[in-house]
Structures are given as C-alpha cells and as structure tokens.
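Let me begin by presenting the structure, written as structure tokens, before commenting on it.
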Amino acid sequence: MQHPTQHRIVVLGAGYAGAVAAGRLARRLRPQDAAITLVNAEPHFVERVRMHQLATGQDLRARPLDEMFAKTGVEVRIARVTGVDTDRRTVSVTDPDGTGELAYDTLVYALGSAWNPQDVPGAAEHAHEIAGRTGALRLRERLAGLAAGRTVVVVGGGLTGLEAATEIAEARPDLDVTLTARGELGDWLSPKGRRHLRKVFHTLGITARENAAVTAVAADHVVTADGTSVPADVTVWTTGFAVHPLARATTLDVTDTGRIVVDATMRSVSHPDVYAVGDAALAAGPGGKPLRMSCASGVPTAWQAADAVAARLTGGKLPKVTPRYFNQCISLGRSQGLIQYVTADDRAVGAALTGRLAALYKELVCKSAAWGVANPTLGVPTRRRPVAPRTPEPAPTV
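The numbers in the working numbering rise by one with no breaks, and the one at position 375 of the sequence shown is 375.
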C-alpha cells in the first residue's frame with residue numbers, strides 16, 4: 001500500500017526496457033521513499049528476441065511477472081494502458097475488474113512497438129507477424145498445418161527477417177522458403193558477414209529475392225515493385241516496427257512517427273516528469289545518430305533513465321554515458337549465427353564472428369538479457385538511497 005509521502009513512479013510496459021527500468025529503480029531507491037508500479041497488459045515477460053523460435057514450434061520458458069518482481073518492492077499491475085494525461089499526471093488502465101486510474105509523480109513510458117504493415121495493400125489482412133507472442137503463436141499454428149512443398153515468403157531483409165527465414169527453413173526443410181529484401185541481401189554487413197549469410201541461405205535452400213520491395217500481399221502470393229507475383233501460402237511480414245500510438249494522443253513532444261523526444265537522460269524534452277525508454281523514445285547515440293529500435297538500444301536506455309530518475313530524486317550524479325553499440329547478433333537457425341562487430345554508432349566493421357561459435361554467442365546474449373530481466377534487482381538490492389526533499393525543476397533543454 002502506498003504511503004502519502006512516497007514518490008509515485010509508474011512504469012508502463014514490461015518488455016526488456018520497462019522491466020529493466022523498474023528493477024533498476026528498485027535497486028536504487030528505498031521502498032519507504034518510492035512506490036514503483038509496473039503496468040503490463042500480459043502477466044508474463046515475453047522474450048521478444050525469440051519470437052521466431054516460438055513461431056517454429058519451440059517452447060520458451062514461462063516468466064511470470066509477479067514471480068520475477070516478488071520481494072523487490074515493485075508492484076505489478078496487469079492491465080492495458082488506455083491513456084496518459086500528462087497534465088493531471090494520471091494513467092488510465094483497463095483490467096478484468098474494469099477501468100481505473102493511476103496517479104504518478106514520475107512516469108517511465110516503455111510501451112514499445114508492434115509490427116508495421118506500412119500501409120501495403122493486403123499486408124494487415126493476409127500477412128503474419130512475429131513482433132509479439134500472439135502473432136508468433138498464430139504463425140506457429142499456421143506453419144504446423146502447412147503441408148510439405150508449400151511456400152513461405154518472409155518480407156524484409158533486416159535482422160528479424162533473416163532470423164525468421166533461417167529458423168523456418170531449418171525447422172521445416174520440406175517447405176519452400178523465400179526472403180524478399182528491398183536492397184541486397186545483408187547489404188549493411190561486412191564482406192565476411194555477407195559471405196557467411198549467403199552460405200547459410202544456400203545450405204538451407206532459402207531463395208533470396210533482392211531489390212524486390214513488396215507492394216501488395218494476397219492470400220496466396222505477394223507482388224513486388226516490378227510486378228512479379230511470388231507464390232506464398234504463408235507470408236511473414238518483418239519490414240520494421242511502429243511505436244504504440246498512445247503517446248501521440250498526449251501533449252508530449254513526439255516525432256511524426258510517434259516516438260517521444262528525450263534528452264541525454266531519457267527525460268521528455270517537454271515534460272520533466274516523464275521518461276521514455278526503448279522503442280518508444282527518440283534517443284540520440286554517438287554522434288547524435290538516433291538509436292535504432294532493438295533490445296540492444298532498449299536495455300541501455302532503461303539503465304540511463306532509471307539512474308537519472310534515482311539521481312534526481314536522491315541528489316546523486318546524473319549519468320553521462322552515451323548508449324553505444326558493439327555488435328549485431330543474428331541467429332541463423334539453431335546451429336549457425338553471425339556476430340557483426342560495429343562502430344559505436346552501429347556501422348559494420350570488417351570483423352565478424354560466424355558459424356557455430358556465433359550461434360552460441362547469440363544464445364548467451366539472449367539468456368543474459370532474459371536473466372537480467374528475470375532477476376530485476378540482481379539478487380540482493382544494493383545502493384538504495386533515501387529520496388531527498390522535492391524541489392521544483394525547470395523543463396530540460398535538448
């Protein structure tokens with residue numbers, strides 16, 4: 001139960017970014033000073049980076065949020081967020097018991113993103129997505145009922161598309177798998193990375209249609225920009241993500257795509273009591289380049305936001321580390337992988353790790369990320385500091 005003097009922190013969304021932010025706040029702040037509420041529509045944490053595995057019939061470990069955050073001081077509220085009133089500092093939610101409101105002093109917005117059909121005719125009606133558990137399970141059921149020799153087309157040549165195509169081809173070698181890419185296959189990778197990617201595609205029998213943007217999707221085929229019709233009993237859409245639309249309905253400063261504009265501490269440039277992390281935030285990385293939507297961006301922004309919130313509440317030092325990249329980890333089925341090393345601002349360098357060792361590396365990264373979320377306070381909470389008396393703060397500047 002909240003005490004009237006507690007600082008009320010509400011975290012919206014329990015994906016990688018939201019769950020990590022809530023757990024890190026619990027490590028930094030004393031429970032008698034801060035009431036932390038984590039709101040999520042689903043009762044389980046979803047390993048989004050493994051949705052291609054779930055879609056191909058693999059079972060993932062259940063991670064109930066109430067068990068993850070037990071004895072951490074974080075209250076888990078299973079509810080769907082329907083609105084945020086940044087003037088009244090309230091969040092509207094709906095759960096099986098009805099509707100309600102949560103008041104906050106500090107809000108951490110981590111509602112993330114979903115698949116983006118990009119207004120391509122037929123995509124929303126006929127394509128499958130693996131951006132979330134519901135979509136992955138729907139695709140899983142469809143693939144399980146697909147007879148040998150049928151065709152699967154994966155639309156999108158980014159990380160998600162590569163992982164989906166190779167996972168499906170490895171799990172179902174009896175299917176005809178095609179990947180369509182707007183550019184050349186793996187054109188952002190190093191020469192070594194591209195060579196390995198093509199080798200794996202050849203081994204798995206995946207057809208790569210390059211420079212072939214899909215302009216329409218039907219029940220049994222897709223159409224590319226040059227008018228070619230490609231047979232597709234199943235179409236998997238992986239061309240990018242769209243952020244949750246809720247932020248656009250607020251008075252927050254957002255981009256034309258709905259991402260919340262934040263400063264270096266992940267605090268809204270228009271509302272100093274709101275922080276945004278993960279896919280929901282337009283955050284700058286090295287050189288001012290926007291961070292891409294990914295787990296690799298979400299976790300560091302969650303650290304940054306949590307540390308900034310704690311510092312401002314306790315009178316500590318603000319974090320000054322700019323989130324950066326080290327590598328791009330790509331699973332190519334269960335036995336092959338590709339670790340592309342990159343510059344701080346995410347540009348490929350010549351070095352890349354490939355093969356079985358890369359697959360093991362990627363698996364370790366996935367397990368480490370899940371462990372960090374499943375152990376929110378990393379064992380015994382440490383470095384908890386008292387909240388200092390509140391003083392008004394001016395709005396931040398970019």
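C-beta atoms are modelled at their ideal positions from N, C-alpha and C, and glycine is treated no differently.
C-alpha distance - residue i paired with residue j, whole-angstrom precision
i      : j      : result
Ala281 : Ala147 : 42 Å
Ala232 : His126 : 10 Å
Gln304 : Ser297 : 11 Å
Val93  : Arg8   : 16 Å
Asp220 : Leu107 : 45 Å
Arg140 : Asp87  : 43 Å
Ala212 : Gly227 : 10 Å
Val299 : Asp279 : 10 Å
Ala169 : Ala131 : 19 Å
Arg415 : Leu353 : Beyond the ends of the chain as shown, which are 1 and 398, falls residue 415; an answer cannot be given.
Gly186 : Pro117 : 21 Å
Trp188 : Arg259 : 24 Å
Gly372 : Arg61  : 15 Å
Gly13  : Ala41  : 8 Å
Glu47  : Ala370 : 7 Å
Val76  : Gly112 : 18 Å
Met266 : Thr301 : 7 Å
Arg30  : Thr134 : 36 Å
Asp273 : Arg27  : 20 Å
Ser368 : Asp105 : 32 Å
Val261 : Arg172 : 43 Å
Residue environment, residue i, which counts as buried when at least 16 other CB atoms sit within 10 Å
i      : result
Pro191 : exposed
Ala294 : Residue 294 is actually Ser in this sequence, not Ala. Label assigned to Ser294: buried.
Leu159 : buried
Arg209 : buried
Ser268 : buried
Pro386 : exposed
Val380 : Unreliable placement is indicated for Val380, whose pLDDT of 47 sits below 50; no coordinate value is reported for it.
His244 : buried
Ser229 : exposed
His202 : exposed
Thr376 : According to the sequence as given, residue 376 is Pro; it is not Thr. Classification for Pro376: buried.
Val321 : exposed
Gly288 : exposed
Val398 : Confidence in Val398 is poor, its pLDDT being 48 and thus under 50, which makes the residue's placement too unreliable to answer from.
Thr37  : buried
Thr257 : exposed
Phe326 : exposed
C-beta contact flag for residue i and residue j at 8 Å
i      : j      : result
Val11  : Val39  : yes
Pro43  : Pro64  : yes
Ala359 : Gln336 : yes
Ala165 : Met51  : no
Thr224 : Thr215 : yes
Ser331 : Glu129 : no
Ala276 : Tyr109 : yes
Ala374 : Leu25  : no
Arg290 : Arg324 : Note that residue 290 corresponds to Pro in the displayed sequence, not to Arg. No, the pair does not count as a contact, with Cβ atoms beyond the cut-off.
Val236 : Ala247 : no
Leu175 : Val154 : no
Gly23  : Thr72  : yes
Ala35  : Gln6   : yes
Leu338 : Gly193 : yes
Best match in the options for proximity to residue i [C-alpha to C-alpha]
i      : options                           : result
Val84  : Ile78, Pro96 and Gly100           : Gly100
Ser309 : Leu137, Ala284, Ala388 and Pro173 : Just to set this straight, residue 309 is Val in the shown sequence, not Ser. For Val309, the nearest C-alpha among the options comes from Ala388.
Leu204 : Arg334, Ala369, Gly132 and Thr239 : Arg334
Gly315 : Gly288, Arg384 and Thr251         : Arg384
Leu102 : Ala79, Gly112, Lys367 and Ala123  : Ala79
Arg198 : Gly157, Asp174 and Gly112         : Gly157
Ala55  : Arg142, Gly73 and Asp66           : Arg142
Arg356 : Val349, Thr377, Val342 and Cys329 : Cys329
Leu252 : Pro376, Ala242, Ser270 and Val120 : Ser270
Val120 : Thr257, Val222, Met266 and Ala249 : Val222
Ala181 : Arg150, Asp33 and Ile206          : Ile206
Ala242 : Asp33, Val74 and Ala114           : Ala114
N-terminal and C-terminal residue of the beta strand (DSSP E) that residue i is part of
i      : result
Val120 : Per DSSP, Val120 belongs to no beta strand (DSSP E) and is neither H nor E.
Arg80  : Arg80 to Asp85
Arg8   : His7 to Leu12
Tyr275 : Val274 to Ala276
Ser368 : From DSSP, Ser368 is part of no beta strand (DSSP E) but of the alpha helix (DSSP H) over Arg356 to Ala374.
Ser38  : The residue you asked about is not Ser; residue 38 is Leu in the sequence shown. It spans Ala34 to Asn40 - the beta strand (DSSP E) in which Leu38 sits, taken as one unbroken run.
Thr151 : Thr151 to Val155
His128 : First-last for His128: undefined, no H or E at that position.
Thr377 : Counting along the chain, Thr377 falls outside any beta strand (DSSP E), and DSSP gives it neither H nor E.
Host alpha helix (DSSP H) of residue i (start-end)
i      : result
Pro64  : First-last for Pro64: undefined, no H or E at that position.
Phe201 : Pro191 to Leu204
Tyr16  : Tyr16 to Arg28
Val309 : Cys295 to Thr314
Gln53  : Met51 to Ala55
Thr134 : Arg133 to Ala144
Met168 : Note that residue 168 is Ile in the sequence shown here, rather than Met. Counting along the chain, the alpha helix (DSSP H) containing Ile168 begins and ends at Leu159 to Ala171.
The ligand FMN heavy atom lying under 7 Å from the CB of residue i
i     : result
Pro64 : You won't find the ligand FMN in this model; it holds no ligand whatsoever.
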